[in-house]
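Heads up, the thing below is written out as structure tokens.
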Amino acid sequence: DGGITQSPKYLFRKEGQNVTLSCEQNLNHDAMYWYRQDPGQGLRLIYYSQIVNDFQKGDIAEGYSVSREKKESFPLTVTSAQKNPTAFYLCASDRTSGRAGGMNEQFFGPGTRLTVL
Amino acid sequence: GNSVTQMEGPVTLSEEAFLTINCTYTATGYPSLFWYVQYPGEGLQLLLKATKADDKGSNKGFEATYRKETTSFHLEKGSVQVSDSAVYFCALTDNAGNMLTFGGGTRLMVKP
């Protein structure tokens, strides 16, 4: 079955530690995205990547880093510089249309809930 | 820039009631419009979509019509069930790229 997997489902971190969230997809999608969701709020874009070895900052990139060494994988590192990292993190992917008017349906993983102790 | 505005929740309904969740948008050109649903503790799933004016997206009894004249994409269902309890997100992509812009989400609670 094709899809997106995120691990772990729950993650606890001590203050001052870096932590890496995994995201893998086997949909052969070019583009991948990381969002942050806080309680009762919508999704905010952290980083995105439209092609291997390239990525762009989203709206709230400070305190986060990513890499895109393989098409299937887009790990997110939450660094100690992120002042309020406790949140639900969602990874998504889509097949870039490459043309104007394209309909880019994003597929989401199940999410990782990060709690800083 | 692009933006999506949804009615604030929570919306609480009894089973078999009629549902409307309002969504309006601001975008240049001709965006594609989406409704996503998020069940507790899970990621988002695409519920329905529409790509041009007057298109109606539908799925699982839910419907939404792309109204360009009112820049709206309201979600409706004639008879909700307890299992419809979730958070619903309206979203759009513009015709210049791949980025999704989300509304703030509306929590729906359906009571038996």
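Here the protein sequences line up with chains A and B, keeping their order. For the first sequence, the positions run 1 to 117 when the working numbering is used. For the second sequence, the positions run 118 to 229 when the working numbering is used. Ideal Cβ positions, reconstructed from N, Cα and C, are used throughout, including at glycine.
For the stretch 11 to 27 of chain A, which residues have a CB atom closer than 9 Å to at least one CB atom of chain B, in sequence order? Of all residues in the stretch 11 to 27 of chain A, none is placed with a Cβ closer than 9 Å to any Cβ belonging to chain B.
Please confirm if the stretch 16 to 31 of chain A is in contact with the stretch 192 to 205 of chain B, defined as three or more CB-CB distances below 8 Å between the two stretches. Cβ pair count under 8 Å is below three, so no.
With DSSP as the reference, label VAL199 of chain B as helix, strand or coil. DSSP places VAL199 of chain B in helix when its eight states are reduced to three.
According to DSSP, is ALA100 of chain A part of a helix, a strand, or is it coil? Note on ALA100 of chain A: pLDDT 42, under 50, position unreliable in the model; the coordinate value appears next. In the structure shown, ALA100 of chain A sits in coil (DSSP, three-state: anything other than H, G, I, E or B).
What would DSSP say about LEU27 of chain A, mapped onto helix, strand or coil? In the three-state DSSP reduction, LEU27 of chain A falls in the coil class, being neither helix nor strand.
At the 8 Å Cβ level, is LEU114 of chain A part of the contact set with chain B, yes or no? Not an interface residue.
Rounded straight-line distance, which links the Cα of THR168 of chain B to that of SER131 of chain B: When the Cα atoms are used, SER131 of chain B and THR168 of chain B turn out to be separated by approximately 32 Å.
Can you look up PHE107 of chain A in the DSSP assignment and give me helix, strand or coil? If DSSP states are grouped into helix, strand and coil, PHE107 of chain A belongs with the strands.
So LEU225 of chain B and ALA203 of chain B are supposed to be a Cβ contact under 8 Å. How far apart are they, rounded? Taking C-beta atoms under 8 Å as the contact rule, LEU225 of chain B and ALA203 of chain B qualify, at a distance of about 6 Å.
Using alpha carbons as the reference points, say which of A:PHE108, A:ARG36, A:ARG113 lies closest to ASP59 of chain A. Put simply, of A:PHE108, A:ARG36, A:ARG113 the residue whose alpha carbon is nearest the alpha carbon of ASP59 of chain A is A:ARG36.
Run of the beta strand (DSSP E) containing ALA167 of chain B, from where it starts to where it stops: Annotation for ALA167 of chain B: the continuous beta strand (DSSP E) segment containing it runs 161 to 167.
In this structure, what does DSSP give as the bridge partners for VAL204 of chain B? Per DSSP, B:GLN155, B:ARG224.
Following the continuous beta strand (DSSP E) through PHE135 of chain B, name the residue where it begins and the one where it ends. Careful: PHE135 of chain B lies outside any beta strand (DSSP E) and carries neither H nor E.
For LEU21 of chain A: DSSP bridge partner residues: Within the DSSP secondary-structure output, LEU21 of chain A pairs in a beta bridge with A:LEU76.
Is it the case that the Cβ atoms of LEU209 of chain B and PRO127 of chain B are separated by a distance below 8 Å? No, the pair does not count as a contact, with Cβ atoms beyond the cut-off.
Please say whether GLN25 of chain A and PRO110 of chain A have beta carbons closer to each other than 8 Å? No; because the gap between Cβ atoms is not below 8 Å, this pair is not in contact.
Does the beta carbon of LYS194 of chain B come closer than 8 Å to any beta carbon on chain A? Chain A contact via Cβ: absent.
Residues near ASP211 of chain B by beta carbon distance below 7 Å, same chain, minus five either side: ASN119, ALA144, THR145, GLY146, PRO148.
Got a sec: is the Cβ-Cβ distance from LEU76 of chain A to anything in chain B below 8 Å? Residue contact check for LEU76 of chain A against chain B: no CB pair falls below 8 Å.
Look up GLU186 of chain B in the DSSP assignment and say whether it is helix, strand or coil. Judged by DSSP in its simplified three-state form, GLU186 of chain B adopts coil rather than helix or strand.
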